[in-house]
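One structure below.
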Amino acid sequence: MKLAGRIAYRTVMFVLTIAFVTALWELYKIVGPQDGGKFLGVRILPRANDNAMPHVSTMLSRYSRPEVRGSDKKIWIVVLSGAWFSLRLSLVGFFLGTTIGIGLAILMARFNLIRRGLLPYLVMSQTVPLIALAPLVVSWGGKLEIGSFVWPRWLSASILGTFLAFFPIAVGTLRGLTSVPSAALELMESYAASWKQTLFKLRFPAAVPFMVPALKLGASGAVVGVVVAEISTGLKGGIGRLIIEYAREATGDPAKVFTAVFGAAALGLTMSGLVAFSDLFLMRNRPKETST
Amino acid sequence: MSAPANISAVEVVATSKIFNQGSGKQVDALLDVNLTIQSGEFVSLIGPSGCGKSTLLRLIANLLEPTQGSIRVNNKTAAQARLDQDYGMAFQQAGLFDWRTVCKNIELPLELKGWDKNKREARAIEMLGLVKLEEFGNMYPWQLSGGMQQRVAIARALAAHPPLLLMDEPFGALDEMTREYMQGELLRICAETSTTVVFVTHSIPEAVYLSNRVVVMSPRPGRILEVIDVNLGSKRNEQTRAADGFFRSITAVREALRGTHAEHVAANAIRGAEDR
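Taken in order, these protein sequences are the chains called A and B.
Just so we're aligned, residue 1 is where the first sequence starts under our numbering, counting upward by one.
Just so we're aligned, residue 1001 is where the second sequence starts under our numbering, counting upward by one.
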């Protein structure tokens, strides 16, 4: 029942954190300057008026109203289906990113030469602005012809999720695979274990505590990649597209964009929640001090 | 402990190990070591830090390659013996895998050999009985005390029934009470399984209590100073620790460690002093 206890603890902390942030938001609306605080002509404090910072209650109640005036489609349904669309793309991106990340980590752990040659380029790859990369991936995908396989537009968005997800997973897994105590490696050597046996019976299990946080980063990375790709390539159907559409209406309907933003946040939480759940499962039989 | 005397379990001939040869950081870890260990013998390697006793153990285990000389284990090359899992090994840290139950830890070497599940489980239960941990098979290593963990490590080392057990200060991290208990248990286990043991230790009483022979080593460069026979018989118990012969052997080892034991080592002792 320790597992149930930890789940309960995390849930309580989550609710408390939400309550705290809500309180902070509303408090600022009371004490903050309506037109924002300026210092030497630069705005350093956000405007506290209802246009820039709608009440939390306004944002929440916006969910139950229609998306556009006169429509009978409630906005929560639109946001939910957008989030579901993006979640599926993110899962594809996360899955590909995990496969590639772990694959690269194994190669780098096995061959020093590959590690030294590849790692700097992996780091460099993460400095490429995603916004610049998105249209490129879309146009490359469009030119791709493999037999009867037609590159769907959504796959480009998933690939950008992959692009952000694989890096932390590769680095974290590599760290885990190579952090095995030398005595354990010596033991495996004394059994004349092959490299593959050592990988699966020692290195991977020992790497789990390193891989879980890396996978969490990878999961939220996949969501960011997909949402940004949706925005910059104008892919319809996802939460990213909703965010830019609703942002254009910010002056008339300031609460609207927040409904989509929260949808994106919930999407990220769902993804890392999936990983966190696997964490509780994978680490259930480990010494407790390493899994808090 | 009274196995056929003329089958050698380990043969170390004119063996040297030099680390970083030719560079400025060259270390002569072992120089011209000769040692033959008979099957069924319990031999301890003792000496100050840096005398190469762990290096010698790792050479026998083929975890290191000798710079010069040859090592045969079980009448095979050391490399072949390692491939055939002719020895089991235990270290100062029990080195159990946190994610495996006690049983699964013991089964590890058998898994690597490709044994099937039923055979593995039967052997694990047998080994648990040998180290008297029958009720702990389904617990995880971090739920056990240090002494119990070390017993699991011994069970793992012996799981494949190897004829030779190599131990590198296995009781070094245990408290004195546990340590003496473990020494008794180790002797019992080795007698029951007629295993040959090479045992590295810092402790003179431990070496004397356990061994048929104590190999005294000196550092820089590491070599064998003297080999001392311990004649305490094959049945040893708590009374052994109070016996005259026990103290005589302890004194002999202590004096050998100081390099002043007998005339025939005087030359070695002088060479050792010059090195310092």
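Glycine included, each C-beta is placed from N, C-alpha and C at the ideal position.
Remember, it's a predicted structure, so these values are computed and weren't measured experimentally.
Neighbourhood of residue 1193 of chain B by C-beta, 8 Å cutoff - its chain only, sequence neighbours within 5 removed: Excluding the 5 residues flanking it on each side, residue 1193 of chain B has same chain C-beta neighbours closer than 8 Å at 1130, 1158 and 1161, in chain order.
C-alpha gap between residue 23 of chain A and residue 13 of chain A, whole angstroms: 15 Å
Interface partners of residue 1112 of chain B on chain A, CB under 7 Å: Identification of chain A residues near residue 1112 of chain B by a Cβ-Cβ cut-off of 7 Å yields 191, 193 and 197, ordered along the chain.
Buried versus exposed call for residue 1243 of chain B [16 or more other C-beta atoms within 10 Å across all chains shown]: exposed
Burial state of residue 195 of chain A (16 or more Cβ within 10 Å): exposed
6 Å CB neighbourhood of residue 1087 of chain B in its chain, flanking five on each side removed: 1162, 1164 and 1166
Classification of residue 190 of chain A by the beta-carbon crowding that lies within 10 angstroms, buried from 16 upward: buried
For residue 144 of chain A and residue 78 of chain A, the rounded distance between their alpha carbons: 32 Å
Per DSSP, cross-strand counterpart(s) of residue 1090 of chain B: B:1167
Near-chain A residues of the segment 1135-1157 of chain B - C-beta to any C-beta below 7 Å: Flagged, chain order: 1140 and 1142.
Simplified DSSP state of residue 279 of chain A, which is helix, strand or coil: Annotated three-state conformation of residue 279 of chain A is helix, per DSSP.
Simplified DSSP state of residue 291 of chain A, which is helix, strand or coil: The predicted model places residue 291 of chain A with a pLDDT of 42, which falls under 50 and marks its position as unreliable; any figure quoted below should be read in that light. In the three-state scheme derived from DSSP, where H, G and I count as helix and E and B as strand, residue 291 of chain A is classed as coil.
Interface flag, residue 201 of chain A vs chain B, CB-CB below 9 Å: Using beta-carbon distances, residue 201 of chain A counts as an interface residue toward chain B, with a partner under 9 Å.
C-alpha distance - residue 1076 of chain B paired with residue 1064 of chain B, whole-angstrom precision: 16 Å
Cα-Cα separation, residue 188 of chain A to residue 198 of chain A: 7 Å
Exposure of residue 1143 of chain B, with buried meaning 16 or more beta-carbon neighbours within 10 Å: exposed
Beta-carbon proximity check, residue 242 of chain A vs residue 3 of chain A, cutoff 9 Å: no
Contacting residues, own chain, Cβ-Cβ under 6 Å from residue 218 of chain A (five flanking each side not counted): 97, 165, 168 and 169.
Proximity test, Cβ basis, 9 Å: residue 1010 of chain B and chain A: No, its Cβ sits nowhere closer than 9 Å to a Cβ of chain A.
Residue 181 of chain A, buried or exposed, once every other Cβ within 10 Å from all chains shown has been counted against 16: When all chains shown are included, residue 181 of chain A counts as exposed.
Proximity of residue 1200 of chain B and residue 1190 of chain B at Cβ, strictly below 9 Å: No; because the gap between Cβ atoms is not below 9 Å, this pair is not in contact.
Backbone CA spacing between residue 1133 of chain B and residue 203 of chain A [nearest angstrom]: 27 Å
Residues that residue 1083 of chain B contacts on chain A, provided the C-beta gap is smaller than 8 Å: Per Cβ cutoff of 8 Å: 192.
Secondary structure of residue 117 of chain A, DSSP reduced to three states: helix
Proximity to residue 62 of chain A [Cα-Cα], best of A:150, A:127 and A:263: A:263
Run of the alpha helix (DSSP H) containing residue 1246 of chain B, from where it starts to where it stops: 1244-1258
Close beta carbons around residue 108 of chain A, own chain, < 8 Å, minus the five adjacent residues each side: 114, 115, 118, 119, 170 and 174
Limits of the alpha helix (DSSP H) - the one that residue 294 of chain A falls within: With chain A covering 1 to 292 only, the question about residue 294 of chain A has no answer from this structure.
Coarse secondary structure for residue 305 of chain A, derived from DSSP in three states: The question about residue 305 of chain A has no answer here: the residues shown for chain A are numbered 1 through 292.
Secondary structure of residue 1003 of chain B, DSSP reduced to three states: For residue 1003 of chain B, the predicted structure reports a pLDDT of 46, less than 50, and the residue's modelled location is therefore unreliable. A value from the coordinates is still provided. In this structure, residue 1003 of chain B counts as coil in the three-state DSSP scheme.
Beta carbon of residue 28 of chain A nearer than 9 Å to that of residue 53 of chain A: yes
Pair within 9 Å by beta-carbon distance, residue 1215 of chain B and residue 1043 of chain B: yes
Cβ pair residue 213 of chain A, residue 1098 of chain B closer than 9 Å: no
C-beta neighbour in chain C for residue 214 of chain A, strict 9 Å: In the structure shown, chain C cannot be found, because the protein chains are A and B.
Delimiting residues of the beta strand (DSSP E) encompassing residue 1107 of chain B: It is not in any beta strand (DSSP E) - residue 1107 of chain B instead sits in the alpha helix (DSSP H) that spans 1102-1113.
Per DSSP, the bridge partner or partners of residue 1077 of chain B: B:1072
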